[in-house]
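Heads up: the structure comes next, in structure tokens.
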Amino acid sequence: YSILLTAFLDFFLSVATDSKIDVGQIRRFVVRAACKTRLAAGKEYLLMGRTETQSSLQGPQYLLDKNSWIEELPDPRRCKATQYRNTCSHLESFTTSFGINGCRI
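Residues -19 to -1, 1 to 86 in mature numbering (1 follows the signal peptide of the UniProt record, and there is no 0) are what the sequence shown lists, from first letter to last.
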């Protein structure tokens, strides 16, 4: 069986098949119950994986599988700490670059 996660879209980088996606919308993500996730309510995550969607009555659903990448985004207060500045800078640089260039090398 699987677990259904619901997420509020704060921002998105690139979506090939979900042409109706927009900031502020809700999207559903499906994870197999056997897959361990440590996602917590109220946290922000960068999710990367398949662009294919499954249709449901509530709209598109995205499958998070072994090929998906899930990275917790540190909250802005944490990014001010010396220990996290470099990580936060790299994540910000990556999301900006990916938003502009997509998967082009």
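Think of the CB as a built atom: it goes at the ideal place given N, C-alpha and C, for glycine as much as any other residue.
Since the structure is predicted, the reported quantities are computational estimates derived from the model, not experimental observations.
DSSP state of residue i mapped onto helix, strand, coil
i	result
ILE81	helix
THR(-14)	strand
LEU72	helix
GLN42	strand
ARG8	strand
ARG58	helix
Pairwise C-alpha distance: residue j and residue i
i	j	result
LEU(-15)	THR63	33 angstroms
SER70	ALA14	33 angstroms
ILE2	ARG9	12 angstroms
GLY5	ILE51	20 angstroms
ARG58	GLU25	13 angstroms
Cβ-Cβ separation, residue j to residue i (assumed contact under 8 angstroms), whole Å
i	j	result
LEU72	LEU54	6 angstroms
Cross-strand partners of residue i (DSSP beta bridge)
i	result
TYR26	GLU53
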